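**Student:** Can you read through this structure? Questions will come right after.
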Amino acid sequence: MDYRAVERAIMDRGVEWDFEPTLDRIAALLDLLGSPQRAYPVIHIAGTNGKTSTARLTEALLRERNLRVGRFTSPHLVSMRERITVDGEPLSEERFAQVYEEIIPYVELADTQGRRIQFFELLTAMAFAAFADTPVDVAVIETGMGGSWDATNVVDGSVSVITPISLDHTDRLGPDIPSIAAEKAGIIKRGQTAVLAQQELAAAEVLMRKVAEVGAVVAREGLEFGVMSREVAIGGQLITFRGLKGVYDDVYLPLYGAHQASNASCALAAVEALTGGDEQLDVDLVRQAFATASSPGRMEVVRRSPTVVIDAAHNPGGMQATLDGLHEAFDFAKVIGVVGVMRDKDVEALLELLEPVLDEVVLTRNSSPRSMPVAELAALAEPIFGDDRIHVVERLDDAIDQAIGIADAEGEFSGTGVFITGSVVTAGDARLLLKADGTA
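Heads up: the sequence shown begins at 1226 in the working numbering, then just goes up one per residue.
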């Protein structure tokens, strides 16, 4: 099978936001495959915001230590292959198809036992199998949604990381922060080190109860580790970290915002915990690893003159962190927004956060069938922004062109920027439209 056929076959298994809360199917499939997820140590990452960035930063540190690293993240920006990477590179189309063909007989066997394997379960099994076959020295695994019932939770990670928790996927994970935190806490296992990003009190209480219940070792941002200082630098920020084993000063991170400094701090603590012992990591190694790190689609500048920034923020917690970073890192006199959101998100809350920041907003939709129709989005936006600040454009490419045109009309030296946001899909679509290589 070629890559496109494999992609279609995986999509035929459903969609990742529609799943049943059980580990039975993925556990049965992995048993048939010989439990590939047990072939390497795992750093397992859950949370609401910052998971992918934290995974990438963790991978960068591990690779700088000359380890072969597998990384599994979701969702993807442009290509499904981005979800499964080895040595920092997505599987090639040929290798992705080969892994699928190697495991599909076992998938079909599991199907016949009344356990039809779903979309995300299949990708999870492919990742575990690819990493075992490579083989990798360490796997960095990001949950898809939640924790306890996420397909990735068949692993017993050496280290678990919980990034900031906020309201998202409330129809699946629970209506409030404690409920969502309890679901995310499901990845914390006995004998692990649990690395906890700074949390709302309601989430922190739930996570600490889980740590105590299973007897895990805890490392809390702001207590056992954290960011000691940071300042804005060209293209990113300069940070001093207090790790679990020492201080790491003058570390340049080419990512914007306090939230990315926090993500880097959690990644550093996770790698320190994995290595064991009392000796801190080499400071120059940490500097080199973070200096080359990237997180596509997260406060990413994809064009200059005018400056165009794309970000995948899609829930209120993530959007607030992004807007704080936008204000800190970019001295825009005016900001023209391009906004496309999913209909199942807290759209009004997102728009209310964007309103003080955006001088004008171009409302549109992305390529997903879950994207909110533009007329519905406009109906929600009009009471918040007022008619005179809103432009309604059906196609994202046309919306981007219009926003850039508005910025250009302000003049080259007006300090007007374009900010594209509202969804991972919106960020991915925009990235593909604005970057010729379309890579992530």
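All C-beta atoms in this analysis are idealised placements derived from N, C-alpha and C, irrespective of residue type, glycine included.
Just so we're clear, the structure is a prediction, and the values are computed from it rather than from any experiment.
1) To the nearest angstrom, report how far apart Ala1335 and Phe1450 are at their CA atoms.
2) Per DSSP, which one or two residues make a beta bridge with Pro1315?
3) Could you spell out where the beta strand (DSSP E) holding Ala1458 opens and where it closes?
4) In whole angstroms, what separates the C-alpha of Asp1475 from that of Leu1469?
5) Should the region 1563-1572 be regarded as contacting the region 1596-1613, the criterion being three or more beta carbon pairs within less than 8 Å?
6) If you draw a straight line from the C-alpha of Ala1665 to the C-alpha of Ile1366, how long is it?
7) Using beta-carbon positions only, say whether Gln1423 and Ala1441 come within less than 9 Å of one another.
8) Would you kindly check if the distance between the Cβ of Asp1249 and the Cβ of Arg1341 is under 9 Å?
9) Based on DSSP bridge pairs, tell me the residues matched to Ser1385.
10) Does the beta-carbon of Ser1182 have 16 or more other beta-carbons within 10 angstroms, so that it is buried, or is it exposed?
11) According to DSSP, is Tyr1481 helix, strand or coil?
12) Please classify Glu1284 as buried or exposed, where buried requires at least 16 neighbouring CB atoms within 10 angstroms.
13) For a minimum of 4 consecutive residues, which ranges assigned as the alpha helix (DSSP H) are wholly contained in the region 1274-1356?
14) Please return the same chain residues whose Cβ sits closer than 7 Å to the Cβ of Ala1494, not counting the five positions on each side in sequence.
15) Taking the alpha-carbon of Gln1338 as reference, which of Asn1591, Asp1507, Glu1446 and Ala1253 has the nearest alpha-carbon?
16) Looking only at its chain, what residues have a beta carbon closer than 8 Å to the beta carbon of Arg1320, apart from the 5 residues adjacent to it on each side?
17) Name, in chain order, the residues that DSSP records as bridge partners for Ser1596.
18) Looking at Val1560: is its Cβ nearer than 9 Å to the Cβ of Gly1642?
19) Compare the C-alpha of Arg1415 against each of Leu1347, Ser1383 and Ala1407 and name the closest.
20) Relative to the C-alpha of Glu1245, which candidate in Thr1646, Ile1270, Phe1345 and Ile1235 has its C-alpha closest?
21) Starting from Val1472, follow its DSSP beta bridges and name the residues at the other end.
22) With distance defined between alpha-carbon atoms, name the residue in His1301, Ile1328, Leu1316 and Thr1273 nearest to Ser1260.
23) Hey, how far is the Cα of Leu1575 from the Cα of Ser1304?
24) At which residue ranges does the region 1491-1550 contain complete beta strand (DSSP E) runs of 3 or more residues, listed in the order of the chain?
25) Measuring CB to CB, does Ala1428 end up less than 9 Å from Ile1405?
26) From Glu1430 to Ala1407, what does the alpha carbon distance come to, in whole angstroms?
**Tutor:** In this structure, then:
1) 44 Å
2) Thr1310
3) Gly1451 to Ala1458
4) 17 Å
5) yes
6) Because Ala1665 sits at a pLDDT of 44, beneath the cut-off of 50, its placement in the model cannot be relied upon, and the following sentence gives the value as read from the coordinates. Approximately 18 Å between the Cα atoms of the pair.
7) no
8) no
9) His1269 and Ala1419
10) Coverage of the chain is limited to positions 1226 through 1665, which leaves residue 1182 absent and any answer about it impossible.
11) coil
12) buried
13) 1276-1289 and 1318-1337
14) Val1420, Ala1444, Phe1450, Gly1468 and Leu1469
15) Ala1253
16) Ala1355
17) Met1567
18) yes
19) Ser1383
20) Phe1345
21) Arg1467
22) Ile1328
23) 26 Å
24) 1525-1528 and 1533-1535
25) yes
26) 10 Å
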